[in-house]
Amino acid sequence: MRTAGLVAMILATLLGAAACGGSSSAGNQPASSDAPKKPCTADDVQVSGAFGAKPTITVPDTCTPPTQQLSKDLTPGTGAEVKTGDAVATYYDLVTWSDKQEVDSSWAHQPFQPFTVQPVGQAQVIQGWNDGLVGMKQGGRRLLIIPPDKGYGTTGNQGIKPNETLVFVVDAVTVTAAS
């Protein structure tokens, strides 16, 4: 009888230990902060400020930079539409994605004056601008999110790290049709 009682006690101890043990089921684990984040959309980037005024750009931490160029008209213009070959005078503000810091701004330059891009599509600016300005209308404000391959690529630029995603807010001040 003692042996049977001892066996029963050992089994009960083993079963109790197994019941208290950890589970390898992922459903019981807390959410990992290292879980992959979704790519951002243009709607994830917050911009405040009216056309002609210096914008405030807030880049989110909750998603990853997009790998494709994105644009969003924040203020639709009512004037002439920018076409390939045109000239467009712009105001702009640039924030880098990785450190969320302003790197350049028309509003910081003295004297304050528009930056003219011409001819759009072949201008001596990053490809993201040549592509992203087409379709804007005079009086419009556009958000441009430019991946590294359409920005400064693997080399970077002054104040811009290599492989940096760029976030611009661009105002189309005047549009001059190609002659």
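Numbering (mature numbering (1 follows the signal peptide of the UniProt record, and there is no 0)) for the sequence shown: -19 to -1, 1 to 160. In this text, a Cβ means the ideal position worked out from N, Cα and C, and glycines have one as well.
**OP:** Let me know the secondary structure DSSP gives aspartate 152 once reduced to three states.
**Re:** Position 171 of the sequence shown holds residue 152. Strand, per DSSP.
Original post:
Hey, how far is the Cα of alanine 158 from the Cα of lysine 18?
Top reply: Within the sequence shown, the letter at position 177 stands for residue 158. Within the sequence shown, the letter at position 37 stands for residue 18. Alanine 158 and lysine 18 have their C-alpha atoms roughly 42 angstroms apart.
**OP:** Specify, as a first and last residue, the run of the alpha helix (DSSP H) that aspartate 74 falls within.
**Re:** As a first step, residue 74 is located in the sequence shown; it is residue number 93 there, counting from the start. From DSSP, aspartate 74 is part of no alpha helix (DSSP H) but of the beta strand (DSSP E) over 68 to 77.
Original post:
Helix, strand or coil: how does DSSP classify proline 20 here?
Top reply: By one-based count along the sequence shown, residue 20 stands at place 39. Note: proline 20 maps to strand in three-state DSSP.
**OP:** Report yes if the C-beta distance between valine 154 and tyrosine 73 is below 8 angstroms; otherwise report no.
**Re:** In the sequence shown, the residue the question calls residue 154 occupies position 173. In the sequence shown, the residue the question calls residue 73 occupies position 92. No, Cβ-Cβ distance for valine 154 and tyrosine 73 is not below 8 angstroms.
Original post:
Secondary structure at asparagine 138, three-state DSSP: helix, strand or coil?
Top reply: Here residue 138 is taken as the residue at index 157 of the sequence shown, counted from 1. Of the three classes helix, strand and coil, the one that applies to asparagine 138 here is strand, per DSSP.
Original post:
Ordered along the chain, which non-local residues of its own chain (more than five positions away) have a Cβ less than 6 angstroms from that of threonine 39?
Top reply: As a position in the sequence shown, residue 39 is number 58, starting the count at 1. Correct list, in chain order: Gln27.
Subject >> Start and end residues, beta strand (DSSP E) containing aspartate 54 >> reply: Along the sequence shown, one-based indexing puts residue 54 at 73. Looking at the DSSP string, the run of the beta strand (DSSP E) that includes aspartate 54 is 51 to 56.
Original post:
Hey, serine 79 and lysine 142 are a contact pair by Cβ (cut 8 angstroms); roughly how many whole angstroms apart?
Top reply: Working through the sequence shown from its first residue, we reach residue 79 at position 98. Working through the sequence shown from its first residue, we reach residue 142 at position 161. Indeed, because the Cβ distance is near 6 angstroms, the residues count as touching under 8 angstroms.
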